[in-house]
Amino acid sequence: MSLNNQFSLWIYPEHSEIELESGQELIRDFTKSIFIYEKHGRLFVTSEGRISLSEAEGYYKLVAYDYDYKNISIGSQEFMEEHNVKYPYVLGGMAQGIASVDMVVAAAADGFMGFFGTGGMVVSEVEKAIIEIKGRIGSNGVFGVNMISANPLKDEEMINLLLKHDVKRVEVAGAVTLTPAIVEYRLRGAYRENGRVITENKIFAKVSREEVAAQFMSPPPEKIIKLLLEKGRITSQEAELAQEIPVAEDIIAEADSGGHTDNRPALVLFQNMAILRVQMMDKYKYKHGRIRIGAAGGICSPYTILAAFTLGADFVMTGSINQSCVEAGTCDEVKGILSQISMSDVANAPSADMFEMGSRVQVMTKGVMFHLKANKLYETFKNCASIEEIDHKTKTYLETKVFNDTLENVWNNTRQFFLNTDPEILKRADKNPKLKMALIFRSYLGLSSKWAQRGEMDKKADFQIFCGPAMGAFNRWVKGTYLEEPANRKVTNVAKNLIYGAMYLKRLNYLKTQCSKINLDNFQITPSRIWSEL
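Shown next as structure tokens:
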């Protein structure tokens, strides 16, 4: 309840007076209630006092107040209880283990949830990481694994691994349609208790398109359930319960993110996902909970977090900003570069996966030439049917500026790689000159991210670093504070400052709405070491 003109409250302050302009540290303290009162035409703030409904000696008119926050006051309490976390804040999976074992473990230790990033990794590497994570966080630790949904066979391989090691949460990204493996993961272990459907495995669906989100908000398709039953992958009881639950209860509305992105505007995307949720909940009449929506893409400061929660987000997910953190699975040189970029230091470039289809990723551009070279490769691919059709000038540029080698040598190295990883594609390339050209060009796109991750500084101009504008916006927010230095950017220090900063901003806004005389515009919403220690 806020104060208004219908009645007045009065307060007898019980400790030394603090003028409102000097009360920032007191208002930052969420363990204390805040009372702003007017005395002789000036505003003061206190955290203790006796309240009265009538004016009396020593009492002053109370113009605004806010109660202490015993718990996190933003986001969905249901989300935090469902996943046994302290904060409605999730660290998204970044490819090649950049969302690393250390990052996931640190998140779990401080009440956050993190997803290990598996994109571009082989199953044996992922298995090793899962075993290490579970060994370090214990049986009660909360974490998940990110999975790029590529095709049914790849999905099945990853899901089998997650089921084998009893991983209870998966972040599914890049999905176009549901695969049997995704549905199997959701249904395995489902049972009914006191009339309620209980599911052990939780899916976080990262989406930017409504048609994909609708699939995850719906019950599993009957044809997939039938297929899984026939193969003995699920029980008849699990199949029966399938129609009472959505494939995913947690939907991540991914806006303008690093890496693969549709560059969706966050406000419009969240609106459409929220409208879709209402429609799907009404259509299927789910009785066992609600579909939650999280906001991702551009989450980088207390301002963006509070905006997301004000829109109705149940949780937020960060990505780009975590790359510059101590625990990120990339080299210190890259972390240093990322800590200095601005919002405009990003651009789109062709991606290594789905290159032929024109798939693009958002990358960092400061001090590198990757985006320019990658775009030249795709332009050449579109205009030529084979390597032999490339004109002399372009071929010279590619060999001297991009590959630093002849195209013949690049093909020999590429061929050797696929002999060990995917010999079938070589058979197709031998019959398809354009595919052969694509494989050659994709080799640069694939290696460039590894050069960056390993810190091969002689290849700095070719570094491919997935990054969205959130990174530059975060740098702007922390400029001049202890978090400006990458060495201080422990992932939970960053997370806590964003969450508690958003709570502080929420408190300031709430106080201002109660009295037009309150001006808190000069109160700095900056990182605090105190918040890091909460």
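Per the numbering used here: the sequence shown = residues 13 to 546. Glycine included, C-beta positions come from ideal geometry on N, C-alpha and C.
- Ranked by how close their Cα comes to the Cα of K491, the residues G270, T504, I537 have I537 in first place.
- In the DSSP assignment, T330 is bridged to L103.
- For F430, DSSP assigns no beta-bridge partner whatsoever.
- Distances from the alpha-carbon of L451 to those of N424, T330, K529 put N424 closest.
- Beta-bridge partners assigned by DSSP to I160: A185.
- Excluding sequence positions up to five before and after V375, its CB lies within less than 7 Å of the CB of V358, A359, A361, F382, H383, Q476, I477, F478, C479, all in the same chain and listed in chain order.
- For the pair of segments examined, the segment 302-314 was found not to touch the segment 127-147: the number of CB pairs separated by less than 8 Å stays below three.
- Collapsing the DSSP output to three states places P435 in a helix.
- Taking a cut-off of 8 Å for Cβ pairs, the segment 429-443 and the segment 386-400 do not touch, as fewer than three such pairs fall below it.
- Distance from the Cα of K443 is smallest, within the candidate group R466, L38, S398, V97, for S398.
- Per DSSP, S88 is not a residue of any alpha helix (DSSP H), being assigned neither H nor E.
- Taking the C-beta atoms as reference points, K378 is found nearer than 8 Å to I349.
- If you look at D294, you'll find it in the alpha helix (DSSP H) that goes 278-296.
- For I210, no alpha helix (DSSP H) run applies; the uninterrupted beta strand (DSSP E) run containing it begins and ends at 208-210, by DSSP.
- Apart from the 5 residues on each side of it in sequence, I353 sits with its Cβ closer than 8 Å to the Cβ of M376, K378, C479, M483, G484, N487 in its chain, given in chain order.
- Under DSSP, H272 shares a beta bridge with V373.
- Beta-bridge analysis with DSSP links R62 to Y24.
- Excluding its 5 nearest sequence neighbours in each direction, V117 has C-beta neighbours in its own chain below 7 Å: I145, R148, I149, listed in chain order.
- In the three-state reduction of the DSSP assignment, N416 falls in the coil class.
- Within the same chain, Cβ atoms closer than 7 Å to the Cβ of K471 are found at W463, the five residues on either side in sequence being excluded.
- Of N500, A364, S371, W543, the smallest CA-CA separation from S455 is found for A364.
- Look at I399 here: in three-state DSSP terms it is helix.
- The residue among G61, M92, Y522 with its C-alpha nearest the C-alpha of F327 is M92.
- Rounded to the nearest angstrom, the Cβ distance from I215 to Y197 is 7 Å, consistent with a contact under 8 Å.
- When only Cα atoms are considered, T189 and V75 end up about 54 Å apart.
- CA-to-CA, the gap between K166 and N96 works out to about 30 Å.
- A direct Cα-Cα distance of roughly 45 Å separates G131 from D78.
- For Y49, the enclosing beta strand (DSSP E) begins and ends at 46-51.
- Counting only residues of its own chain and dropping the five nearest sequence neighbours on each side, E256 has a CB closer than 8 Å to the CB of V209, P231, Y298, K299, H300.
- M469 sits exposed, since fewer than 16 C-beta atoms from the chains shown fall within 10 Å of its C-beta.
- Taking the C-beta atoms as reference points, G309 is found nearer than 8 Å to A278.
- When rounded, the separation of the alpha-carbon atoms in L410 and N416 is 8 Å.
- Counting only runs of at least 3 residues, the segment 115-140 fully encloses the following beta strand (DSSP E) elements, listed from N- to C-terminal order: 125-128.
- Taking the C-beta atoms as reference points, A340 is found nearer than 8 Å to M115.
- If you draw a 10 Å sphere on the C-beta of M369, you find fewer than 16 other C-beta atoms in it, and that means exposed.
- Excluding its 5 nearest sequence neighbours in each direction, K524 has C-beta neighbours in its own chain below 7 Å: I530, L532, listed in chain order.
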